[in-house]
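First to last, the protein sequences are chains A and Z. Position one of the first sequence corresponds to residue 1459 (our numbering), numbered consecutively onward. Position one of the second sequence corresponds to residue 1459 (our numbering), numbered consecutively onward. Glycine included, every Cβ here is placed at the ideal spot set by N, Cα and C. In what follows, a single structure is set out as structure tokens and then discussed.
Number of protein chains: 2
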Amino acid sequence: MAQNEKITILDIARRTGLSKGTVDRVLHNRGEVSRRSYDKVMAAIEELGYEPNVYASLLAKGQHHLVAVLIPAHEPGTFWELAAGGIEKAAESVGTLGVRMQHFEYDQYDIESFRAACARVLEAGPSGVVIAPLFQEETDLFAAQLREHGIPFAYIDSKPETDGYLAYFGMPLYKSGYLCADQLTGGFAVPSALIVRIRRDRNQQSDPTINRRAGFVDYMLEHSPDCILGNVFIDPNDPDSIEGTLDAWFREHPGTRHIVMFNSRIHLLVPWLQRHPDSQRRVVGFDNLKANMDALRDGTVSCLIAQHPDEQMRLAIEALAEYILRRKLPQKKDNFMHMDILTRYNVDYY
Amino acid sequence: MAQNEKITILDIARRTGLSKGTVDRVLHNRGEVSRRSYDKVMAAIEELGYEPNVYASLLAKGQHHLVAVLIPAHEPGTFWELAAGGIEKAAESVGTLGVRMQHFEYDQYDIESFRAACARVLEAGPSGVVIAPLFQEETDLFAAQLREHGIPFAYIDSKPETDGYLAYFGMPLYKSGYLCADQLTGGFAVPSALIVRIRRDRNQQSDPTINRRAGFVDYMLEHSPDCILGNVFIDPNDPDSIEGTLDAWFREHPGTRHIVMFNSRIHLLVPWLQRHPDSQRRVVGFDNLKANMDALRDGTVSCLIAQHPDEQMRLAIEALAEYILRRKLPQKKDNFMHMDILTRYNVDYY
DNA sequence: TTTATTTCCGTGCACGGTAACGGAAATAAT
DNA sequence: ATTATTTCCGTTACCGTGCACGGAAATAAA
């Protein structure tokens, strides 16, 4: 561990009777070195315990790497805004290492815009890419292109089944549904619960909420087998329909109390919930959007399960930087992040 | 934000008609510069948006800074072991910047050992110090010494009332007690609950659990005013006494169900809890020690509130490094970390 | 053997900043 | 006016690597 003096490239040059140029060629094995010399250098490196000086290296090549981030447009108050926030956090840690970040947006409901964004990323010539893969097939195509160019990439949020990525940072979706159910019921059997869903565009192949719902349902089957699970669909862009849909459902099922949503839009229900207060009702949703946290504070929502997309982003960028600068692979390829339970009593510290 | 080209020290030298030597003198204000030149340089720096190249700087001076960490001995399975874990995490991020860390231990029940550790820290001549201040007065003395030497320091876990530190990273203690109460009761009124405590040495002046208990009690007064709160004391080194104490209490108060501890030792109750199973009982404790998380998994403990001391450690070290290397003050001086709620359903991802 | 090619390797500058050294210019002392 | 001091500033030699350039040595082709 403790080396009294730093071994430099010059030391092993002297030791082997070669020049630092040759040693450098060996270190980066860029050829033009005889077998004999190669072995001598390698032996000396081993023997003296040489470790390259990162500063000198970075200074010398003066490389300013670019990491491209490819995520859906982050409208204020959306899930992707949170993710984008992680870019700045990453900038603090790896920015000093000469890594810059650039942000490429696409419309999550328009596959064409995704294709266009991919093209722009390639044009920018990044050293690494972070991808939030919403369109499965298109993502695979893009991944293949990146591999061709030798550009490493990492996924956040969800990941395609195809391999070839450097790392993945996401949430254990199935488990999150399980956890969600436990928070909704408090561990006790409940007679019924309502699942509020948003109808998805068929173009968008990847839907994380499917797995969440599966975990939720399995928990209920185990702990509350007689529970009746209702499903209603709402249109996020039509507040009136939300009101109407919920009113209709509760008129027909007055016994139901608890409500759950598996995406980040639980805040859409706040107006209705406020008009129909019920101190015994539990409402559980996902993700620490500002609107959601406000609902938590005023008691409209009981609990949020947060996955901290900003952390995922930061870790993905850091993993890429580590690989780009030092060729170091991440310890784990698939990283499932912690799920945080937010209530009105701890939400203020997020 | 986007600077096309990096501004170097030479650029501002040329811009001002001075030499890089002079610019350097200004940058490190080591005098021998006329007022006129000083102003010119400062203006150019501002104007061109100069930012020093950390690599070149570190390479040139070859400094390897040392951050000393002063925390209680981290026996395996204790709270401080978690904190010590953060040192390695910090090493990954700031280690590449030439910052090394050294760890100084003391016995948290022996004030003499704390004094000795302080002396050893000063001998090592660190560029910054992280302190977990358990002995209030002694810590103030040490802080004064550090200030004298111009060594910046940061507190974790708790902080003395004296100012002069660079940053503090800890948990909102009072609020954590509040949150704890909410998790224990599920928001409903309960008839009674038992608080299990550990008798403290009077030498140790700083006790974080006091504030926690205050928050807990206040929550109960609001939400469960008629609740009877029991207090028992156990000796952590005597398992038999733990059994006896709990048996005795529950013999006299059979109506009580829920149990809470405000320190990290809830795992001490596991043997007793396992011998007296009760599916309706809620048991809440603090901190993500391995033994605690195991108890969560097998259902013995219902809920843990985690503050992630390793994160506190990492952030404290990073803040120090940022100040040492770039003289940048942390954004906030007092940082209250998030409190995470751990249940059997999300504990596997910690 | 001479000439043309490869193979292999040393030299030297660049990267951006640090700080010691010494000297010119400005001021003070004689 | 001359000398002694300050005050201020430019020059220069590093720090450890990366890499282009050119040339010596070894081999192949003539």
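Short Cβ contact (9 angstroms threshold) for residue i with residue j
| i | j | result |
| --- | --- | --- |
| Phe1537(Z) | Cys1576(Z) | no |
| Ala1590(A) | Ala1541(A) | yes |
| Arg1802(Z) | Arg1772(Z) | no |
| Tyr1613(Z) | Val1579(Z) | no |
| Asp1798(Z) | Asn1669(A) | no |
| Asp1806(Z) | Lys1633(A) | yes |
| His1523(A) | Ser1477(A) | no |
| Thr1667(Z) | Phe1593(Z) | no |
| Gly1628(A) | Met1751(A) | no |
| Ile1686(A) | Ser1650(A) | yes |
| Ile1775(A) | Ile1545(A) | yes |
| Gly1583(Z) | Tyr1636(Z) | no |
| Phe1611(A) | Leu1485(A) | no |
Exposure of residue i, with buried meaning 16 or more beta-carbon neighbours within 10 Å
| i | result |
| --- | --- |
| Ser1760(Z) | buried |
| Asn1511(Z) | buried |
| Thr1441(A) | Residue 1441(A) is absent from the structure shown; chain A starts at 1459 and stops at 1808. |
| Val1640(Z) | In the sequence on display, residue 1640(Z) carries Asp and not Val. Buried, because 16 or more other Cβ atoms sit within 10 Å of the Cβ of Asp1640(Z). |
| Thr1758(Z) | buried |
| Phe1691(Z) | exposed |
| Leu1468(Z) | exposed |
| Thr1620(A) | exposed |
| Arg1709(Z) | exposed |
| Lys1464(Z) | exposed |
| Arg1494(A) | exposed |
| Arg1733(A) | exposed |
| Arg1671(Z) | buried |
| Lys1683(A) | First, the residue type needs correcting, since residue 1683(A) is Pro and not Lys in the sequence shown. Classification for Pro1683(A): exposed. |
| Gln1738(Z) | exposed |
| Tyr1508(Z) | buried |
| Phe1646(Z) | exposed |
| Arg1472(Z) | exposed |
| Gln1461(Z) | Residue placement at Gln1461(Z) is poorly supported in this model, since its pLDDT is 42, which falls under 50; the coordinates are not used for a value here. |
| Arg1605(A) | exposed |
Delimiting residues of the alpha helix (DSSP H) encompassing residue i
| i | result |
| --- | --- |
| Ala1753(A) | Lys1748 to Arg1755 |
| Ala1706(Z) | Pro1697 to Glu1710 |
| Arg1785(A) | Unbroken run through Arg1785(A): none, as it is neither H nor E. |
| Met1500(A) | Arg1493 to Leu1506 |
| Ala1542(A) | Phe1537 to Val1552 |
| Ser1515(Z) | Val1512 to Lys1519 |
| Ile1569(Z) | Ile1569 to Ala1582 |
| Ala1602(Z) | Gln1594 to His1607 |
| Asp1640(Z) | Leu1631 to Thr1643 |
Start-to-end residues for the beta strand (DSSP E) that takes in residue i
| i | result |
| --- | --- |
| His1561(A) | Val1557 to Tyr1564 |
| Ala1764(Z) | Cys1761 to Ala1764 |
| Met1678(A) | Unbroken run through Met1678(A) is the alpha helix (DSSP H), Thr1667 to His1681; no beta strand (DSSP E). |
| Gly1853(Z) | A query on residue 1853(Z) cannot be resolved here, the shown segment of chain Z reaching from 1459 to 1808 and no further. |
| Ile1589(A) | Gly1586 to Ile1589 |
| Phe1627(Z) | Ala1625 to Gly1628 |
| Ala1612(A) | Phe1611 to Asp1615 |
| Ile1809(A) | As displayed, chain A neither begins before 1459 nor continues past 1808, which places residue 1809(A) out of reach and without an answer. |
| Gly1743(Z) | Val1741 to Phe1744 |
| Ala1651(Z) | Ser1650 to Ile1656 |
| Ile1799(A) | Asp1798 to Leu1800 |
| Asp1469(Z) | It is not in any beta strand (DSSP E) - Asp1469(Z) instead sits in the alpha helix (DSSP H) that spans Ile1467 to Thr1474. |
Cβ-heavy atom distance, residue i to the ligand ATP, below 8 angstroms
| i | result |
| --- | --- |
| Thr1703(A) | This structure does not include the ligand ATP; it has no bound ligands of any sort. |
Spell out a yes or no on whether the stretch 1733 to 1753 of chain A and the stretch 1784 to 1793 of chain A are touching, meaning 3 or more CB-CB pairs, one atom from each, closer than 8 angstroms. Verdict: no, contact absent.
Does the contact criterion of 3 or more C-beta pairs under 8 angstroms hold for the stretch 1499 to 1507 of chain A versus the stretch 1546 to 1561 of chain A? Touching, no.
Three or more C-beta pairs closer than 8 angstroms, one from the stretch 1672 to 1689 of chain A and one from the stretch 1639 to 1658 of chain A: is that the case here? Touching, yes.
Proximal residues, the stretch 1515 to 1533 of chain Z versus chain A, C-beta separation under 7 angstroms: Residues of the stretch 1515 to 1533 of chain Z with a C-beta less than 7 angstroms from any C-beta of chain A: Leu1516 and Leu1517, listed in chain order.
For the stretch 1600 to 1634 of chain Z, which residues have a CB atom closer than 9 angstroms to at least one CB atom of chain A, in sequence order? Here the close residues are Met1629, Pro1630, Lys1633 and Ser1634.
At a cut of 8 angstroms, does the stretch 1512 to 1532 of chain A reach the stretch 1723 to 1739 of chain A through at least three beta carbon pairs? No: the two stretches stay apart, fewer than three of their Cβ pairs being nearer than 8 angstroms.
Which residues, in order along the stretch 1778 to 1795 of chain Z, keep a beta-carbon less than 9 angstroms from a beta-carbon of chain A? Answer in chain order: Glu1780, Leu1783, Arg1784, Phe1794 and Met1795.
Would you list, in chain order, the members of the stretch 1636 to 1654 of chain Z that have their beta-carbon closer than 7 angstroms to a beta-carbon of chain A? Listed in chain order, the positions of the stretch 1636 to 1654 of chain Z with a beta carbon within less than 7 angstroms of a beta carbon of chain A are Tyr1636, Leu1637, Asp1640 and Gly1644.
Quick test of the definition: if touching needs 3 or more C-beta pairs under 8 angstroms, does the stretch 1644 to 1661 of chain Z touch the stretch 1617 to 1634 of chain Z? Look at the beta carbons and you see the stretch 1644 to 1661 of chain Z not touching the stretch 1617 to 1634 of chain Z: under three pairs across the two are nearer than 8 angstroms.
Between the stretch 1677 to 1695 of chain A and chain Z, which residues of the former have a C-beta closer than 7 angstroms to a C-beta of the latter? Under the 7 angstroms Cβ criterion, the stretch 1677 to 1695 of chain A contributes no residue.
Count Cβ pairs between the stretch 1521 to 1532 of chain Z and the stretch 1563 to 1577 of chain Z that sit closer than 8 angstroms; are there 3 or more? Inter-segment contact for the stretch 1521 to 1532 of chain Z and the stretch 1563 to 1577 of chain Z is present: three or more beta-carbon pairs are separated by less than 8 angstroms.
Check each residue of the stretch 1541 to 1561 of chain Z: if its Cβ is closer than 8 angstroms to any Cβ of chain A, include it; give the result in chain order. Those would be Ser1551, Thr1554, Leu1555 and Gly1556, in chain order.
What residues from the stretch 1490 to 1502 of chain Z come within 9 angstroms of chain A, judged by C-beta to C-beta, listed N to C? For the stretch 1490 to 1502 of chain Z, the set of residues with a beta-carbon nearer than 9 angstroms to any beta-carbon of chain A is empty.
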